[in-house]
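To start, the structure under review is shown below, and the notes come after it.
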Amino acid sequence: MELINFRGEIAALGAAFLWAVSTLMFGRLGKQLVPLLLNFVKGSMALGFILLTLLWRTQSAPELPLFSVLFLLLSGVIGIGLGDTAYFAALNHLGPRRVLLMEALAPPMSALLALLFLQERLPAIAWVGITLSVGGVAWVITERVPDVHPQGENLPRGVTLGLLAALGQAVGAVLSRAALADTAVDPLWSTLLRLGAGLVCMLALLRARPQAGGGWPALRSPLLLGGVAIAAFLGTYLAIWLQQTALKYSPTGIAQSLTATSPLFILPMALLLGERISARAVLGALVAIAGVWLLL
1 MELINFRGEI
11 AALGAAFLWA
21 VSTLMFGRLG
31 KQLVPLLLNF
41 VKGSMALGFI
51 LLTLLWRTQS
61 APELPLFSVL
71 FLLLSGVIGI
81 GLGDTAYFAA
91 LNHLGPRRVL
101 LMEALAPPMS
111 ALLALLFLQE
121 RLPAIAWVGI
131 TLSVGGVAWV
141 ITERVPDVHP
151 QGENLPRGVT
161 LGLLAALGQA
171 VGAVLSRAAL
181 ADTAVDPLWS
191 TLLRLGAGLV
201 CMLALLRARP
211 QAGGGWPALR
221 SPLLLGGVAI
231 AAFLGTYLAI
241 WLQQTALKYS
251 PTGIAQSLTA
261 TSPLFILPMA
271 LLLGERISAR
281 AVLGALVAIA
291 GVWLLL
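Mapping to UniProt numbering: the sequence shown position 172 is 172, numbers consecutive.
This is the structure in structure tokens:
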């Protein structure tokens, strides 16, 4: 089998890895910047990276049907402007591992929405694969010690924000799939449109909530600014480009299910940091890998 036949699935796994790395970074950065401002700054940096790449590749703007442009813009508003902001807010309440667990709800949401609105039907074996991969992720995450110990109203607030983040990911993915499925547009251009729309949404929210922009002075720190730049490059620029590639070349349910395996990549990171990995964590990883195999 040629790898080109699975470029969508490979791109999804690449995005999953980068999201795992960047989530750990954003978890630390979120302690110094409020979620909306952090989302806006990392999105602005990622937009700059994309523009530089397009200039380097000397690609002209594609001709897209109006409905595709509208779907991509709406996808950016919901998935990046609102969904990512909810994700960063949930990160402050629940910690990286619990938030990644909540994101595991995005694939079944995406598959259901794609079934309802795109008539995108998956064979039974693909649904089994989705169930195994998501179940394996949940098995791994729930066994690990949480990064934070929410108390009182923080836990329900964090869970609500996590659900909104997962729903934003699902809706954004379905809209992107609807816009890209029958077009020849480069995924980088679609990423540019989504990020641009998301930034306009965030800018409007920042103007409506001036207190959310009170963290600007913290960005004078070169160390903090450099950390945001690295996380934006990995988790937004590269990861969203790969996600758009996955959504273009593979069905929505499969693309979202594979990107939901990002918590599994934390296991080798934990080993490198000297943590012990339990038998349950290994078993959960094997179950999720079995699900990936079925999807492929």
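Cβ atoms here follow ideal geometry from the backbone N, Cα and C, with glycine treated the same way.
Here DSSP, grouped into helix, strand and coil, assigns A279 to helix. In this structure T236 is buried. Its beta-carbon is surrounded by 16 or more other beta-carbon atoms within 10 angstroms. Counting every other CB atom within 10 Å of its CB across the protein chains shown gives A61 a total below 16, marking it as exposed. A46 and L74 have their C-alpha atoms spaced approximately 18 Å apart.
By the Cβ test, the region 46 to 56 is not in contact with the region 248 to 260, since fewer than three Cβ pairs between them sit closer than 8 Å. The continuous alpha helix (DSSP H) containing F71 extends over residues L66 to G76. In the DSSP annotation of this structure, the continuous segment of the alpha helix (DSSP H) that includes S44 starts and ends at P35 to R57. Judged by beta-carbon spacing, L180 lies within the 8 Å limit of S190, meaning their Cβ atoms are closer than that value. With the rule of 3 Cβ pairs closer than 8 Å, the region 164 to 177 counts as touching the region 102 to 119. Nearest to M269 by alpha-carbon distance, out of T23, S44, A11 and R7, is T23.
A direct Cα-to-Cα measurement between M25 and A231 gives close to 6 Å. Separation of R57 and F71 (C-alpha to C-alpha, rounded to the nearest whole angstrom) is 25 Å.
Secondary structure of A61 (DSSP, three-state): coil. According to the DSSP assignment, D186 belongs to no alpha helix (DSSP H), since it is labelled neither H nor E. Remark: C-beta atoms of A208 and L161 do not approach each other more closely than 8 Å. Short of 8 Å from the beta carbon of L219, and not among the five residues preceding or following it, lie these beta carbons of its own chain, in chain order: L33, V41, L225 and V228.
The shortest CA-to-CA distance from L118 to any of L82, S176 and P217 is the one to S176. Within the same chain, Cβ atoms closer than 7 Å to the Cβ of L113 are found at A170, V171 and V174, the five residues on either side in sequence being excluded. When rounded, the separation of the alpha-carbon atoms in A138 and G284 is 8 Å. Nearest to C201 by C-alpha distance, out of V77, E9 and L91, is V77. Take L264, set aside five residues on each side of it, and the residues of its chain with a beta-carbon closer than 7 Å to its own are V137, V140, A285 and A288, in chain order. For T261, the secondary structure class from DSSP, reduced to helix, strand or coil, is coil. With respect to the C-alpha of A197, the residue from L100, G81, G48 and N39 having the closest C-alpha is G81. Secondary structure note for Q243: its alpha helix (DSSP H) is the uninterrupted segment A239 to Y249.
In the DSSP annotation of this structure, the continuous segment of the alpha helix (DSSP H) that includes P222 starts and ends at P222 to A232. In the same chain as A165, and ignoring 5 residues on each side of it, the C-beta atoms closer than 6 Å to its own belong to G83, A86, Y87 and A90, in chain order. Taken atom to atom, the span from the alpha-carbon of G129 to that of S250 is near 14 Å.
For V282, the number of other beta carbons within 10 angstroms of its own is below 16, and it is reported as exposed. Residue environment analysis places I125 among the exposed positions, since fewer than 16 neighbouring C-beta atoms fall within 10 angstroms of its C-beta. The C-beta distance from A178 to A15 rounds to 19 Å, too long to fall under 8 Å, and the pair is not in contact. If you compare the alpha carbons of W127, L116, G95 and L242 with that of K31, the shortest gap goes to G95.
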